[in-house]
Every structure is written in structure tokens, then in C-alpha cells.
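S.K.: Here it is, the structure in full.
There are 2 protein chains.
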Amino acid sequence: MDTPLYQRLADHYRRAIRTGALAPAERMPSVRTLVRTHRVSLSTALQACRQLEDDGLIEARPRSGYFVRPLHRKAMLPASEPDPGRPLDPARYVGIHDRVSDFIAQCERHVTSVNLALAAASPAHYPAEALKQAMIRAVRAKPLMLVDRVPPLGHPELRGVLARRALELGMNLAPDEILVTHGCIEAVNLALRAVARPGDTIAVESPVYFGLLQILESLGMRALEIPTSPLQGLSVDALELALRTHPHLRAVVVVPNFQNPLGCVMPDAEKARLAALCERHQVALIEDDTYGMLCDDDRLRPAVKSWDHTGNVIHCASMHKTLAPGMRLGWMTAGRWQSRVAMLKFAQSRHNEPLAQVAVADYMGSKAYDRHLSRLRRQVKIQREQVAEAVARHFPPGTRLSMPEGGMLLWVELPGQRSSAQVFEQALAQGIRIAPGTMFSNSDRYNHFLRLSCGQTYTPQIADALRTLGSIVANAG
Amino acid sequence: MDTPLYQRLADHYRRAIRTGALAPAERMPSVRTLVRTHRVSLSTALQACRQLEDDGLIEARPRSGYFVRPLHRKAMLPASEPDPGRPLDPARYVGIHDRVSDFIAQCERHVTSVNLALAAASPAHYPAEALKQAMIRAVRAKPLMLVDRVPPLGHPELRGVLARRALELGMNLAPDEILVTHGCIEAVNLALRAVARPGDTIAVESPVYFGLLQILESLGMRALEIPTSPLQGLSVDALELALRTHPHLRAVVVVPNFQNPLGCVMPDAEKARLAALCERHQVALIEDDTYGMLCDDDRLRPAVKSWDHTGNVIHCASMHKTLAPGMRLGWMTAGRWQSRVAMLKFAQSRHNEPLAQVAVADYMGSKAYDRHLSRLRRQVKIQREQVAEAVARHFPPGTRLSMPEGGMLLWVELPGQRSSAQVFEQALAQGIRIAPGTMFSNSDRYNHFLRLSCGQTYTPQIADALRTLGSIVANAG
Ligand SMILES: Cc1ncc(COP(=O)(O)O)c(C=O)c1O
Ligand SMILES: Cc1ncc(COP(=O)(O)O)c(C=O)c1O
């Protein structure tokens, strides 16, 4: 064989990239590593890299080395934009409970081997060991917390840490303005109960997180779905129209950063417009920033709350996706409804037990938390690229996908109005769980969409599942 | 001095009983101990005891030795019985929030040195050390619980233990019928939301736990107060009348065992009648058994749920008062509303985080829990006797008091329509916090009552506070 050494080396890595062993966005082994691992000269290693770069397979980033480039997915179109002027569906009482029960019942009839429906990262991505140590420290230091009165609003240590961390999101909060809750879900419940009553109409994104539809249904409120762009988030233009035609709109709920299911982030200018618009119309703005910390690039997106000057924005957030899915901690700051929210929290579940709060405050106040966040962001970003790449390769032509810059979700638009309900059922029969688009709206508008989670460690099993899914979609009616 | 030795010994203990150093219901040192401590003969010790017995100061209990007898409090009349035929106040939207805020605001303006307003026992009465160990064991054994998905409805281990423990209360429940909640408060919220809507009317006891009034207010429901006996609890006759005049009554909430604030227990026959009556009228019966485990005599009172054959009773309970005030754990079983309640729980706060549940299951499944309960019951019983005795001694003649057989509360009826609001303010000025009767009703019917907690270790400071309180009451208008 007279293939030059550098080319054989390049081929070796070309195969790795093709099989996915080296995933898009992953770092190539450094030139030094190549030299050491393959016992080649520096110039051979450099030549191999340049060859891969010329082939468009990897790209150099200043001072960071080479990274694998996304391949197929760059060829996909982003998900379709909604028409912000489309006539709105009427505000409706939500009937999501039946859809979700049905979904769960169907899931339970099958053994699931790959769960792509879960909006959470693998347990391995979270700092269980450090949290365990923090719990042990906290309970050793103050065992009486287990049997003494619960501090009101949340433990002062945690509220202090949260107030400090909120600065990075552009919010200036006193610890006293923070209320600790049982997850973001409880926070959103309290926010809605504070500003609206049963029968009232609430504007939500479309598509929207089905958990929010469940909350609205359980509170007997109506949802008005506002067109939402896969790239720019809630259409403020469409909301403005809706406010004109629905003068009794009580509140708007928005997930401005890495929305579920779209993954979109609202541009700063739109966030500012949204805050001002709601203020002008005296409509409460409830912001759910569950995914805010999960940006790819360590550049935090500001909260809409940071444009709020009158207390019209209720900001809700969570430690669920970023730190500890098993601890059920969230928090909120409720602006001008703060005392009403505190009253409702007390009447609904009393204040949160302190132990977990102290442990989490300890961890969140440390540098280890920042290191964990960077790691988690990198990990989720790579996994998102991997899932997207697999979709691009295995799903039929015409599949569309917008690439979020954070979060752990991908919103896939199937070509030719294929039914995601059908795809869901067929996938389930093969042990693969996905979230069909129908779960993200009161309407059937998203029937040809599906949501894939990128939170799980990307295993060969997941790679296989995505290939299988691709052929199910290709053959679906 | 020729006072015989046995008489000097008797005088010594007579003084101790008078000062309260030896409290009512407390055990006298055994005859052997007297022999050893005072270096007297067995016959001298026996003679001294017989003398105290003849004086009515102590009483012998078979195989347990001598106990200090209650003195003054036996002379007090029980609190007045309500007239079960009195015309009901109209069902009303609750306005308790203002009263409670006002109460809290007033409390916050004063330094409190003795808190008799708190319906909880001293932290020292709870097994903090054992719970700490159980927490550490649980987090060491399964640190992934902190970062993994939360098991639905509650952790299976805890639900198993609760189902076994429920047998003692006469309930036969499968673990699957149990839902773990954030305290009894969340359970009662979910129960009310499951069976009723805003605007609906709910029958409650009168006087009633103000926490329940807060819940009703926060849910926009109306309260209909049903006369309740300080001895026998909710008047089923009065409820029957109310059901005739209020055909749209949606639910009844009852605290059948050691009611807050009365401390009363419904007789079994009344519990059975209540269950049957609600069933017949198709009105949901919500039972709050927060204090059920706190019986003086280790004889558990059956839950009303044990008379339920059709799923019409929702049973709610808590580990707050009996095990761990700082852990915020409660549970419920919702009969025919079970799946609706599970849906509401999921939409309201998701299911409870597992770690604390595993630790509590570990402890509640052990013999140590039974030992703790016996200790706590004995302790609280003695403290209740001590507080009652102090009330009997220091409050003006005409003060009335029913003696509960469990729980940690005393409901004191002041003579001559004295205002408990005034007593509250004057006590507060002296650093003593009590709960005025006005907080236990929508009406002003209980303005001349106050609730005293007996949960705290009976210190000389508390003894002093009760003396002070007595003179405040004596001088009140
Ligand atoms: C937008 C959004 N909000 C809230 C939640 C849940 O929040 P938590 O688990 O903190 O209650 C989720 C989880 O899926 C979510 O996607
Ligand atoms: C009758 C009654 N129910 C419920 C509660 C509170 O229950 P938890 O702390 O378990 O939410 C109390 C506490 O004061 C109470 O007295």
C-alpha cells in the first residue's frame, strides 16, 4: 500500500466521524495526542488534520483545537415559521388531560427501551455525589431542621444564593423577594392563581409545554395559543393582535429561553417589547425560565423580568433541569403579587422544608456548581448535535429542524404531513418513546411534529433507535 | 421538732406538687426510690405515700405506682356545649386572611419569649437524631435519588409503611391507594379541589382550624360552620339540618380525632353516622386526621374512613405533629376521587421528592417509631395536664376548659365574655403569644375563647407566663 501515512490517519478519523464515534461538535484529539497515540510525526498529524479540515469534516477554533463539524443537519431547513397574522383559534378550556392519560396508558402497555420523550438529562449528568455530601453536611450540622419550624418563604441561605445568581440573568432581587417552591410547576401554579381565576383566559405559546396546559386545565382556565417562532419565540406582534381582540386576557405565560418544545430564545428586543406590552395592557406576564441556565455557550440569556420596572412580571424557575431532578426545588419572584403569592403558597402547601434547601444553597454557592453547569452545557450541546445529526441522516428528505442554542429538546417537523401519532405508536411497538406533537397544543396543528429529548447520554442504543425512528417516519402515512 | 419523719417526707412532696415541680399526671418517685433518696425505712416511705394519697394529692395505679392527681382543674367546668339547633350563620366567603395577617403583624411588633400559639411540640420531643441517621443512610444507599426521576404518587417504601400503619386506624388500604403530599395542608387542598369548585359551599366544624379557613379563602370557597361540641366533636344532628337547608353543600371537612382547637374526639357511633349521612347525601367527606396518633393512651381512635364502603371519604394525614415538623410530609387516600387527586397533585407540584420519604419509611417501619410515639404521647399528656392545672389555678373563677384525651391543644373559655383579642394584645406586650378565639371562625362567636398549646416542654418560664396570663384575663374587660 502506498497510501501516505497522513492519509491513512485521516481515513481512520473520517470513519469515526461517519459512524458517529466522533460526534458533531466534539473535540478532535489534539495534534499532540495524535502524535502520541499513533506514533506519527508532528507533521503527519498536522497534515491529517488539514486534510479533514479541507474535506469539511472538522473545523479549527482559535486556541481550542479542531472540532467535528455538523454534516447532514446543516442541509436541513429550520422548522416552518408560523404566520403571525393567522387568525387565532378561540380561547379554549384545555382538554389535555385525556391526551396525556392516553399517552401514558399507551406507553405503559409497552416495554420502553429508549425514552426520547423525557425532558431531562441522564442522572449521570448531575452531581449526585456532591449533592449527597452537601445533604450529609447539612443534616449533620443542623439535624434540628428536621423537627423544627420551617422558615417562611424558603431558607435564607438558599434565597441569598438565588438572589446572587439572579444578577447574572439581569435581575436585581433582594433575597426577601424570592420564594422557594416545589419546582417551577408549583411556582407557575401559584402565579396563575395569584393573577387569574377559573374561567379566565391566559395567553400561551403555541406549541407549548403540555405541563402548562395541564396546569391550566386543572385550574379551569382557558388557553389562547399565540403563534410562536421556532427561532424567535413568542410572536409579540401576534400577542398584540390578541390583546386587541381579547380584552379580558388575564395573563401571558412565556418560556423565553430555550422554550419547550421549540428550544427557541426570544431576542432581547422582543423580550423588552413583551414586557412593555403586557405592562401597557395591565396583563400579568408569567415567565418560566426552567431552561435558562442551559445555554450552550456560557452566555446567559437575560430574563424578561430584567425589563420589568413595575412588578408586572412574575419570574419562575427551577433547579430541576440544571441541578437535581430528584429534589423538586424551584423558586419565584412575584413582583406586585408577592404577598398574594406568599399567602397562596402558605395555604397550598406551607413553606418548603429547609434541609434540601440548605444543601443546595451550599452547592450552588460553590465553584463546583459553575463547573457542573459548564460540563452539563457542553454535554447537552454535544448530545443535541448527535441527535440532530442522526435525524438529518435517517429521517426522510423534507424533514425540518431548527437548531437551538441550548436546552435539551429538538422539535422535528415531519415532511408531507405525516402523523406523529402514528409514528408514536409504531415507535412504541419497537420500545422507543417519543413525544408526539399533538401533546403540545389544544389544536391538532402540530400533528406532524415530534419532540425528541437530547438529555440522555448518546449510546449506540439511542443511535439505533433514531435510525429505526427514521424508517418509521419514512414509511408513515 | 416532733413531726414524725413520714410526715416531713409527705410535706416535702406536698410542696413539690404545689409548686408544680411535680406536675399532675407525673409519676411519684417509687417507694424504693424514696427509701434510697431520703434514707428512710420502707414503712416510713409507705406511710408518707399513704398520707399524700389520703390528702387526695396522689393516686395509686395498679402495677404502676403513685401518680400526682390533678388538683384545681378537676373543679373547672368543661367548655360550654353549642346548641345543635341554633340557626346556622349563612355560608360565607372566608375573610380569615386579614385576621391572620393582622395577628402576624401584631406578633412581629413584639419580642416573643413564650409562644403558646404554636400547634406543635418542642423540637426536643421529636427523634431528630434518629431521623438524621435515617437520612444519611438513605442518601448514602441511593444518592441517585437526588438526580433521577421522581417516583409517581410517592415512594413505594413509604406508601407500604403507611398502608400497614393505616390498619391500626381501621383502614384497609393498598399502598397504591396512598398518595404522598407536602403535609396534610396540601392533601386537604387537593381534596377540596377534587370535589368542589370556587363558589361552592363546604361545611366545617365551628370552631375550626384557621388553616382550613385559609385554604377555603384561597380557593374562593364558602364556609358553613356547623356547631361542634368540645367533648363529642362535630354535631351530626346539626350537619343533618344543614344538609336539608343547604342542598348544594359540596363537602364536609372534619377533624374527627383531637380536633384543632377543641381537642375533642368524635365517638365511634357518630363517626359511623357521619360517614353514612354524607354518603346518603352524596356529599364528599374530607377527614383530616393530623392529630390521630397523639392519643394519651396508646389506644388509637379509628378513622372515619374505616366506615367508608363506597369511596366517599377522603382521608388526609400528616407526619408533621407526630414525627417531623421540619420535613413537610403528609399523605392521603382519596376514595373515588383518587385519579382526579393524582392528576391535580401532578399539575400542582408534581410528586414528592423521594429521599425524605425513604428516610421516614425506614424510621416509621421500625420499633423505634413506636417507642417514640409512646414517649411523645406521655410527654404531651403531662404537659397538657400541667398547662390545664396552671389555668385552673391562675385564671379567674368561671374559666371553663374541656380536658382532651390527646392532641396538644387546650381550648379555654373565658368567663364573663372577656375579649380574647384584648387578652392577646396585653399578653403580647409581655412577650407571651396565644391564639385568640377569633381566629377559629368566620364569626365573632369565639371572641371569649383562647387556644393554648401544650406542645412545649413545661419550663418555669411557661409556668410564669401562664400565671401572668391568668392575671391579664382576670383584669380584662
Ligand atoms: C417549560 C417547563 N416548565 C416547567 C417544567 C417543570 O418544572 P419543575 O420540574 O421544576 O416543576 C418543565 C419540565 O418539563 C418545563 O419544560
Ligand atoms: C387540623 C390540622 N390540619 C393540618 C395541619 C397542618 O398540617 P401539615 O403541617 O401536615 O400540612 C394542622 C397544623 O396546625 C392542623 O391543626
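For the record, the sequence lines run as chains U and R. Using full-length UniProt numbering, the letters of the first sequence correspond one by one to residues 1 to 477. Using full-length UniProt numbering, the letters of the second sequence correspond one by one to residues 1 to 477. Yeah, the Cβ is synthetic: ideal placement off N, Cα and C, and Gly gets one too.
Since I believe U/Gly292 is in contact with U/Asn257 (beta carbons under 8 angstroms), could you give me their beta-carbon distance rounded to a whole number of angstroms?
M.R.: Numbered from 1 along the first sequence, position 257 holds the residue referred to as residue 257 of chain U. Numbered from 1 along the first sequence, position 292 holds the residue referred to as residue 292 of chain U. Confirmed, about 4 angstroms.
S.K.: Would you say R/Met135 faces chain U, with C-beta separation under 8 angstroms as the test?
M.R.: Start at 1 with the first residue of the second sequence, and residue 135 of chain R comes out as number 135. R/Met135 counts as touching chain U.
S.K.: To which residues of the same chain is U/Leu34 closer than 6 angstroms at the C-beta, ignoring the five residues directly before and after it?
M.R.: As a working mapping, residue 34 of chain U is identified with position 34 in the first sequence. Ala45, listed in sequence order.
S.K.: Measuring CB atoms only, is the segment 184-195 of chain U touching the segment 237-246 of chain U, in the sense that at least three cross pairs come out at less than 8 angstroms?
M.R.: no
S.K.: To the nearest angstrom, how far is the alpha carbon of U/Leu216 from that of U/Arg18?
M.R.: Against the first sequence, residue 216 of chain U aligns to sequence position 216. Against the first sequence, residue 18 of chain U aligns to sequence position 18. Whole-angstrom Cα-Cα distance: 46 angstroms.
S.K.: Taking just the CA atoms, how far does R/Pro354 sit from U/His125?
M.R.: One-based indexing of the first sequence puts residue 125 of chain U at position 125. One-based indexing of the second sequence puts residue 354 of chain R at position 354. U/His125 and R/Pro354: Cα-Cα distance of roughly 19 angstroms.
S.K.: When DSSP labels each residue in this structure, what does R/Thr459 get in the three-state scheme?
M.R.: Mapped onto the second sequence, residue 459 of chain R falls at position 459. Coil at R/Thr459, not helix or strand.
S.K.: With DSSP as the reference, label R/Ser64 as helix, strand or coil.
M.R.: Numbered from 1 along the second sequence, position 64 holds the residue referred to as residue 64 of chain R. In this structure, R/Ser64 counts as coil in the three-state DSSP scheme.
S.K.: Do R/Met221 and R/Asp200 come within 8 angstroms of each other at the CB atom, strictly closer than that value?
M.R.: Within the second sequence, numbered from 1, the residue matching residue 200 of chain R stands at position 200. Within the second sequence, numbered from 1, the residue matching residue 221 of chain R stands at position 221. Against a cut-off of 8 angstroms, the Cβ pair of R/Met221 and R/Asp200 comes out as a contact.
S.K.: Decide yes or no for the touch test of the segment 130-138 of chain R against the segment 339-348 of chain R: beta carbon pairs closer than 8 angstroms, at least 3 of them.
M.R.: no
S.K.: How would you label R/Lys381, buried or exposed, when you count the other beta carbons within 10 angstroms and need 16 or more for buried?
M.R.: For this step, residue 381 of chain R is matched to residue 381 along the second sequence. Buried is the call here.
S.K.: Compare the C-alpha of R/Pro227 against each of R/Ser218, R/Thr245 and R/Val208 and name the closest.
M.R.: Within the second sequence, residue 227 of chain R is the residue found at index 227, counting from 1. Considering only alpha carbons, the answer is R/Val208.
S.K.: For ligand 2, I want to know if R/Gly330 counts as a neighbour, meaning its beta carbon is within less than 7 angstroms of at least one of the ligand's heavy atoms.
M.R.: Here residue 330 of chain R refers to the residue found at position 330 when the second sequence is read from its first residue. Yes.
S.K.: How would you label R/Lys305, buried or exposed, when you count the other beta carbons within 10 angstroms and need 16 or more for buried?
M.R.: As a position in the second sequence, residue 305 of chain R is number 305, starting the count at 1. The residue in question, R/Lys305, is buried, as its Cβ has 16 or more Cβ neighbours within 10 Å.
S.K.: Any beta-carbon of chain U closer than 8 angstroms to the one on R/His182?
M.R.: Residue 182 of chain R sits at position 182 when you count from the first residue of the second sequence. Between R/His182 and chain U, the shortest Cβ-Cβ separation is below 8 angstroms.
S.K.: Hey, would you say R/Ala361 sits closer than 8 angstroms to R/Val161, going by beta carbons?
M.R.: Taking the second sequence and counting its residues from 1, the one referred to as residue 361 of chain R is at position 361. Taking the second sequence and counting its residues from 1, the one referred to as residue 161 of chain R is at position 161. Their beta carbons are under 8 angstroms apart, which means R/Ala361 touches R/Val161 by this criterion.
S.K.: Can you check whether the C-beta of U/Asn260 is within less than 8 angstroms of a C-beta belonging to chain R?
M.R.: Translated into positions along the first sequence, residue 260 of chain U becomes position 260. No, its Cβ sits nowhere closer than 8 angstroms to a Cβ of chain R.
S.K.: Only counting the same chain, and skipping five residues up and downstream in sequence, which positions put a Cβ closer than 7 angstroms to that of R/Met76?
M.R.: The residue you call residue 76 of chain R lines up with position 76 of the second sequence. Same-chain partners within the cutoff: Ala392, Thr399, Arg400 and Leu401.
S.K.: Quick one: residues with CB closer than 6 angstroms to any heavy atom of ligand 1, in chain order, please.
M.R.: U/Ala119, U/Gly183, U/Cys184, U/Ile185, U/Tyr209, U/Gly211, U/Val255, U/Asn260, U/Asp288, U/Thr290, U/Ser318, U/His320, U/Gly330 and R/Arg350
S.K.: Express the C-alpha separation of U/Ser41 and U/His12 in angstroms, rounding to a whole number.
M.R.: As a first step, residue 12 of chain U is located in the first sequence; it is residue number 12 there, counting from the start. As a first step, residue 41 of chain U is located in the first sequence; it is residue number 41 there, counting from the start. Distance between the alpha carbons of U/His12 and U/Ser41: 16 angstroms.
S.K.: Please determine if the segment 403-413 of chain U and the segment 58-66 of chain U are in contact, where contact requires at least 3 C-beta pairs separated by less than 8 angstroms.
M.R.: no
S.K.: Would you kindly work out how many angstroms separate the C-alpha atoms of R/Lys74 and R/Arg371, rounded to a whole number?
M.R.: Within the second sequence, the letter at position 74 stands for residue 74 of chain R. Within the second sequence, the letter at position 371 stands for residue 371 of chain R. One C-alpha to the other measures close to 30 angstroms.
S.K.: Would you say U/Tyr126 lies against chain R (beta-carbon separation less than 8 angstroms)?
M.R.: Along the first sequence, one-based indexing puts residue 126 of chain U at 126. U/Tyr126 counts as touching chain R.
S.K.: Assign R/Phe210 to one of three DSSP states: helix, strand, or coil.
M.R.: By 1-based counting over the second sequence, the position of residue 210 of chain R is 210. Looking at R/Phe210 - three-state DSSP - the assignment turns out to be helix.
S.K.: Pick out whichever of R/Ala130, R/Pro152 and R/Asp55 has its Cα sitting closest to the Cα of U/Ile104.
M.R.: Taking the first sequence and counting its residues from 1, the one referred to as residue 104 of chain U is at position 104. It is R/Pro152 whose Cα lies nearest to the Cα of U/Ile104.
S.K.: Anyone know if the C-beta pair for U/Ile178 and U/Ala251 falls short of 8 angstroms?
M.R.: Counted from its first residue, the first sequence places residue 178 of chain U at position 178. Counted from its first residue, the first sequence places residue 251 of chain U at position 251. Cβ atoms of U/Ile178 and U/Ala251: not closer than 8 angstroms.
S.K.: Using only alpha-carbon positions, find the residue among R/Lys321, R/Ser113, R/Phe440 and R/Tyr369 that is nearest to R/Gln214.
M.R.: Along the second sequence, read from residue 1 onward, the residue named residue 214 of chain R stands at position 214. Sorting R/Lys321, R/Ser113, R/Phe440 and R/Tyr369 by C-alpha distance to the C-alpha of R/Gln214 places R/Phe440 at the top.
S.K.: Throw me the rounded Cβ distance for the U/Leu329 and U/Val180 pair, which I believe falls under 8 angstroms.
M.R.: Taking the first sequence and counting its residues from 1, one reaches residue 329 of chain U at position 329. Taking the first sequence and counting its residues from 1, one reaches residue 180 of chain U at position 180. Rounded, the Cβ-Cβ distance is 7 angstroms, consistent with contact.
S.K.: Give the range of the alpha helix (DSSP H) segment to which R/Glu225 is assigned.
M.R.: Position 225 of the second sequence, counting from 1, holds the residue named residue 225 of chain R. Note, R/Glu225: premise wrong, no alpha helix (DSSP H); beta strand (DSSP E) at Arg222 to Ser229.
S.K.: To the nearest angstrom, how far is it from the Cα of R/Glu425 to the Cα of R/Ala269?
M.R.: Taking the first residue of the second sequence as position 1, residue 425 of chain R is located at position 425. Taking the first residue of the second sequence as position 1, residue 269 of chain R is located at position 269. Taking the straight line from one Cα to the other gives about 41 angstroms.
S.K.: Spell out the partners DSSP gives U/Asp288 in its beta bridges.
M.R.: Residue numbering aside, residue 288 of chain U sits at position 288 when the first sequence is read from its first letter. Note: U/Asp288 sits in a beta bridge opposite U/Cys316.
S.K.: Could you tell me which residues DSSP puts in a beta bridge with R/Ile58?
M.R.: For the purposes of this step, residue 58 of chain R is taken as the residue at position 58 of the second sequence. Answer is R/Val68, bridged to R/Ile58.
S.K.: Find the nearest neighbour of U/Thr468 within the set U/Pro230, U/Leu116 and U/Glu157, judged by alpha-carbon distance.
M.R.: For the purposes of this step, residue 468 of chain U is taken as residue 468 along the first sequence, with counting starting at 1. Looking at the Cα atoms, U/Leu116 is the closest of the given residues.
S.K.: Rounded to the nearest angstrom, how far is the Cβ of U/Ala23 from that of U/Glu385, given a contact under 8 angstroms?
M.R.: Here residue 23 of chain U corresponds to residue number 23 of the first sequence, with the count starting at 1. Here residue 385 of chain U corresponds to residue number 385 of the first sequence, with the count starting at 1. Distance from U/Ala23 to U/Glu385 at the Cβ level is roughly 6 angstroms; contact confirmed, criterion being Cβ atoms closer than 8 angstroms.
S.K.: DSSP three-state label for U/Thr438, please.
M.R.: Along the first sequence, one-based indexing puts residue 438 of chain U at 438. U/Thr438: helix per DSSP, three-state reduction.
S.K.: Helix, strand or coil, according to DSSP, for R/Tyr93 in the structure here?
M.R.: Numbered from its first residue, the second sequence carries residue 93 of chain R at position 93. Here R/Tyr93 sits in strand by DSSP.
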